[in-house]
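Going down the list, the sequences are from chains E and A.
Under the working numbering, think of the first position of the first sequence as 13, with each following residue one higher.
Under the working numbering, think of the first position of the second sequence as 13, with each following residue one higher.
There are 2 protein chains.
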Amino acid sequence: MDAQTQARFEAQARIIKAMAHPTRLFIVDQLSKGEKCVFELTEMIGADMSTVSKHLAVLKAAGILSDSKRGLQVYYTLCCPCVMTFFNCVESVLRTNAEQHLSFVE
Amino acid sequence: MDAQTQARFEAQARIIKAMAHPTRLFIVDQLSKGEKCVFELTEMIGADMSTVSKHLAVLKAAGILSDSKRGLQVYYTLCCPCVMTFFNCVESVLRTNAEQHLSFVE
DNA sequence: TTGCTATTTGGTATTATAGCCAAATAGCAA
DNA sequence: TTGCTATTTGGCTATAATACCAAATAGCAA
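Rendered as structure tokens:
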């Protein structure tokens, strides 16, 4: 495996890793319906606001979200709506698992 | 967030987490071209065979790969070729990042 | 300025992940 | 059986991720 190929997989892994957490998937799902501020997301998630803020920072660092400060609030937006195709793809893996009685859902 | 919703995101996160490693992405990419045994993958990756074997076990546990033993070799196959749409999606996030001079590639 | 609210950052404990080596297991062949 | 090869598993260490609390920062308003 040459260095360039490796670098490409590392870059891809960084994006995927940023999505690899239930709370962050929830955030992406919510933001696909429109921007939200940290407080709104924190209420929905029910964790400490600092925890939510750090999850948002992870997604932003990966280039999945962007933020804009308006007054006291910071609003986060999905910058790459294509990310939503992730969900379809993952769901189809889950369905395949379910068919093979290897479901993680239930 | 109700328990069922949470369970769905946790199930999705497990699949995504299994993909969130450069070596495992490489494996998935290779297997998209056809089945390979552990030895072949180990040669390409250049890590310890036990390390490769553990990566394969992670992907298998997530329901992304299946294995079949034939003689001394264990052959691994992608059970969900849809997983390849991941790559397109991730690449488009990377392109967006690059456009915004936030590229992780270079 | 002071005070209030929204958010981020720092510190820390806990838990999970990754990689290697060594040992165990499985299958074939002599 | 013994020996050889392919693979997995166990043990270990090092590194990274997560979540909370507390403290710092930023912006508005009085």
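Note that the Cβ used here is the ideal one computed from N, Cα and C, for glycine as well.
Please read all numbers here as calculations on a predicted model, not as lab measurements.
- Closer than 9 angstroms at the C-beta level to chain A, one finds these residues of the stretch 35-62 of chain E: 35, 36, 37, 38, 41, 56, 57 and 58.
- If the five residues before and after residue 78 of chain A are omitted, its C-beta is found closer than 6 angstroms to the C-beta atoms of 89 and 91, all from its own chain and listed in chain order.
- For residue 79 of chain A, no alpha helix (DSSP H) run applies; the uninterrupted beta strand (DSSP E) run containing it begins and ends at 77-82, by DSSP.
- Bridge pairing for residue 45 of chain E: absent [DSSP].
- Annotation for residue 16 of chain E: the continuous alpha helix (DSSP H) segment containing it runs 15-31.
- Of all alpha-carbon atoms in E:33, E:30, E:22 and E:46, the one lying nearest the alpha-carbon of residue 37 of chain A is that of E:22.
- Interface flag for residue 89 of chain A against chain E is unset, since no Cβ pair is found closer than 8 angstroms.
- Minimum Cα-Cα distance from residue 83 of chain E among the listed residues E:49, E:56 and E:112 corresponds to E:49.
- At a cut-off of 8 angstroms between beta carbons, residue 106 of chain A contacts chain E.
- No Cβ-Cβ contact shorter than 8 angstroms links residue 74 of chain E with residue 20 of chain E.
- Excluding sequence positions up to five before and after residue 65 of chain A, its CB lies within less than 7 angstroms of the CB of 50, all in the same chain and listed in chain order.
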